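> What follows is a structure written as structure tokens; I'll ask about it next.
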């Protein structure tokens, strides 16, 4: 029981140690792949256990909650861990051909696995200060990954990424201090009970806003997203894929967790702000993308825009809306990581990611074109791909409570997303290559072709599976939402029965 | 005592915001050090300032004897200092690298990742 | 820094600092001290070495790459946490072994907590040295 929860947390760090000590040989990269494959197995076991029991919790070191550090998994945490493991496995296979030896010697695989460990830790912890520590683990390893290789663009983007994220960290830390001063506890479940007894509820709202800003920077919401499009197009493709897929989503997860479990006292105020933030994030992200002309920059701005949808689900706070947010998270991680991986192959085959300099990919790499088509139009919300159902659930939830404006914004942004995706399609895949030379996928060695395309195909297949049989996923998301909106089971499980 | 520390935190934050608004990234880093210390003090004072002995359990006893200080905020501050130290070291190396590769410390001149006009050729 | 006084002094100081850091590491069990502070003190020894004789000599004296020390330390700390699994306890539960235990005396206690602390020591020692050496070599 306890180890079902602890294994996914420990595995990435063990993998990191092994991969680092073996970084000068071929073994290092295979440790990474094998470790992530085992991580996927362990996370599926965790998922099975959670589906069976609802919420499971364990105390690190055997110190009882709320004094010790709790590891806890409910439906949302479990599904996020599974998705993390899937993304990590896909990216680690992709990295076999994407990462050169110099980056391996600098410790790419170790940093990557520590990053995954930090992400898993953030999803599984039940302790607010521990969440801060996992955020830092993630942050430090992502700093390293971002500037690994040391190109000028990387240093430049890295500075913006580092500085803005450090400010968010400080806000988060101060918020933890103040919240601890008010409630006398750091355990999130215990805090959910204690927060109602705080005399000055106005102060609680102030601290809630601190957390909103701190997690808002991590999640890249309007107007705090500027670091993201400045940095995400600079590192190696496998790095930006895992960043795009996972990092901002940890911020979204933290927002969902805190604003359903702890800060649910003044919903009229906090969630109204979240709703505005959601709408503005969607619009600015998609407009920013329309102005860009580089595949990775367009995709970076679309991360921002898509984050808006998830925040919208949280802000509406109805069972259907939160279910939509959970569904969107799952769909988005797979699709977005995949699109960045595809951008990497496009750069290798056509020589650039700048849309003016490439073209003709449809002719020279039809398989890649098909594989791009699936996640790209899933992102835009074409039926019957996964993105359609995610948007459908969210818009249905908005209409259900007569939020016409937010529903209209969501639909409009969907349309503009189609514009961006068709732009990439037309420029990179359809029009002939501007230099006349047709890029040929055969330029890749068969081995590179295999390593790069298998993860992309696997993730695309998952998008199709979710798209063609959304029922079990929607049902699951609804169950997860029910757990989030009524955290009694979460609290009793963590605190060991006494409600 | 709480009021005094609260004022100290305020002064630290004000000074750090002044430093962080500078275009020079090195000043920004110094501002960051100050504000992280302000955050640490916030945690420290949020755990209530009490006069008490160190929370150590004497030999043979089952728990601490008499009034002891709250150990948790100190543990949190220690962790935060350690993490802050690591981040600061990293940020400093990054700024140094930025200075040697980009040749500037002014954030206005750092436009390589996002050129002012989109390169059309 | 080319100073004969510093160089000669460092030869002795480095050893003493490392020895003192080990003392702090073990003392940390019941009194102030521990792996983190020990690692800091130990690393100052080699930082001093690098200042006096250059990083190349310091790296030679260390023999192992500091990054590897840090990662090995992480591995040791993790293993100390996982060891609890054998006994069916939760992650990071302390496991104790008392050598020469008698009814009156507890003997010499050995615990996974100590190994965790050794791991912390190595992580701090290794990471500080990798940062300092890297910065020294850049400048």
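Chains as they are written, first to last, in the working numbering: chain E, 7 to 505; chain X, 192 to 312; chain A, 475 to 613.
For each residue, glycine too, the CB sits at the ideal point set by N, CA and C.
None of these values were measured; they are calculated from a predicted model.
The beta strand (DSSP E) spanning residue 241/X covers which residue range?
No beta strand (DSSP E) holds residue 241/X; DSSP gives it neither H nor E.
> Using a 10 Å radius around the Cβ and a threshold of 16 neighbouring Cβ atoms, would you call residue 241/X buried or exposed?
Burial call: exposed.
> List, in chain order, every chain E residue whose beta-carbon is nearer than 9 Å to that of residue 552/A.
16, 19, 20, 23
> Can you list, in chain order, the residues of its chain with a C-beta nearer than 6 Å to that of residue 236/E? Leave out the 5 residues immediately preceding and following it.
163, 166
> Cutting at 6 Å between CB atoms, please list the residues of its own chain near residue 476/E, excluding the five before and the five after it.
Once the five neighbours on either side are set aside, the close Cβ partners of residue 476/E are 395.
> Which whole runs of the beta strand (DSSP E) in the segment 207-269 of chain E are 3 residues long or more, in chain order?
Within the segment 207-269 of chain E, no complete beta strand (DSSP E) run reaches 3 residues.
> Going along the segment 291-305 of chain X in order, which residues come within less than 8 Å of chain E, judged by CB to CB distance?
Taking 8 Å as the Cβ-Cβ cut-off against chain E, the residues of the segment 291-305 of chain X that qualify are 292, 293, 298, 301, 302, 303, 304, 305.
> Hey, how far is the Cα of residue 26/E from the Cα of residue 231/E?
One C-alpha to the other measures close to 33 Å.
> Between which two residues does the beta strand (DSSP E) containing residue 572/A stretch?
570-573
> Looking only at its own chain, which residues have a Cβ that is under 6 Å from the Cβ of residue 586/A, when we skip the five neighbours before and after it?
The answer, listed in chain order, is 554, 557, 568, 569.
> For the beta strand (DSSP E) holding residue 567/A, just list the boundary residues, first then last.
Unbroken run through residue 567/A: none, as it is neither H nor E.
> Would you mind sorting residue 35/E into buried or exposed? The rule is 16 or more other CB atoms within 10 Å of its CB.
By the Cβ neighbour-count rule, residue 35/E is buried, with 16 or more other Cβ atoms within 10 Å of its own.
> Can you give me the Cβ contacts of residue 594/A inside the same chain, cut-off strictly under 8 Å, excluding the 5 residues immediately before and after it?
508, 509, 510, 513, 547, 551
> Between residue 273/E and residue 283/X, what straight-line distance do the alpha-carbon atoms span, to the nearest angstrom?
41 Å
> Residues in the same chain with beta-carbon distance under 6 Å from residue 544/A, minus the five sequence neighbours each way, listed in chain order, please.
597, 600, 601
> Select from 97/E, 193/E, 93/E the residue whose C-alpha is nearest the C-alpha of residue 138/E.
Comparing Cα-Cα distances from residue 138/E to each of 97/E, 193/E, 93/E, the minimum goes to 193/E.
> Going by CA-CA distance only, name the one from 54/E, 486/E, 436/E that's closest to residue 336/E.
Of 54/E, 486/E, 436/E, the residue nearest in Cα terms is 486/E.
> How about residue 255/X: is its C-beta nearer than 9 Å to some C-beta of chain E?
no
> List the DSSP bridge partners of residue 285/X.
According to DSSP, which records beta bridges pairwise, residue 285/X is partnered with nothing at all.
> Hey, residue 469/E and residue 358/E: beta-carbon distance below 9 Å or not?
no
> I want to verify the contact list: residues of chain A whose CB lies under 8 Å from the CB of residue 26/E, in sequence order.
541, 542, 545
> Can you pull out the residues from the segment 552-577 of chain A whose beta carbon lies closer than 9 Å to at least one beta carbon of chain E?
552, 553, 555, 556, 558, 559, 562, 563, 564, 565, 566, 567, 568
> Less than 7 Å between C-beta atoms, sequence neighbours within five positions excluded: which residues of the same chain meet that for residue 610/A?
Hits under 7 Å: 524, 529.
> Among the residues of its own chain, which have a CB less than 7 Å from the CB of residue 224/X, if the five just before and after it don't count?
279
> Checking contacts by CB at 9 Å: is residue 498/A closer than that to chain X?
no
> With distances taken from CA atoms, which of 458/E, 153/E, 439/E, 66/E is nearest residue 363/E?
In terms of Cα proximity to residue 363/E, the closest of 458/E, 153/E, 439/E, 66/E is 439/E.
> Which residues in chain E have a C-beta closer than 8 Å to the C-beta of residue 459/A? List them in chain order.
Within the shown structure, residues of chain A are numbered from 475 to 613, placing residue 459/A beyond reach of any answer.
> What does DSSP give as the partner residues of residue 79/E in its beta bridges?
62/E
> Please report the residue range of the beta strand (DSSP E) in which residue 303/X lies.
It is not in any beta strand (DSSP E) - residue 303/X carries neither H nor E in the DSSP assignment.
> Could you pull the start and end residues of the beta strand (DSSP E) that residue 255/X belongs to?
Premise fails: residue 255/X is in no beta strand (DSSP E) and is neither H nor E.
> Shorter than 8 Å, the distance from the beta carbon of residue 112/E to the closest heavy atom of the ligand GDP, or not?
Here there are no bound small molecules, and the ligand GDP is not part of this structure.
> When burial is assigned at 16 or more other CB atoms within 10 Å of the CB, is residue 156/E buried or exposed?
exposed
> Pair every Cβ in the segment 188-205 of chain E with every Cβ in the segment 286-297 of chain X, then say whether three or more of these pairs are closer than 8 Å.
Output reads no: the segment 286-297 of chain X does not touch the segment 188-205 of chain E.
> Run through the DSSP bridge pairs and tell me what residue 585/A is partnered with.
570/A
> Helix, strand or coil: how does DSSP classify residue 295/X here?
coil
> Quick check on this structure: which residue in 256/E, 415/E, 64/E has the alpha carbon closest to the alpha carbon of residue 496/E?
64/E
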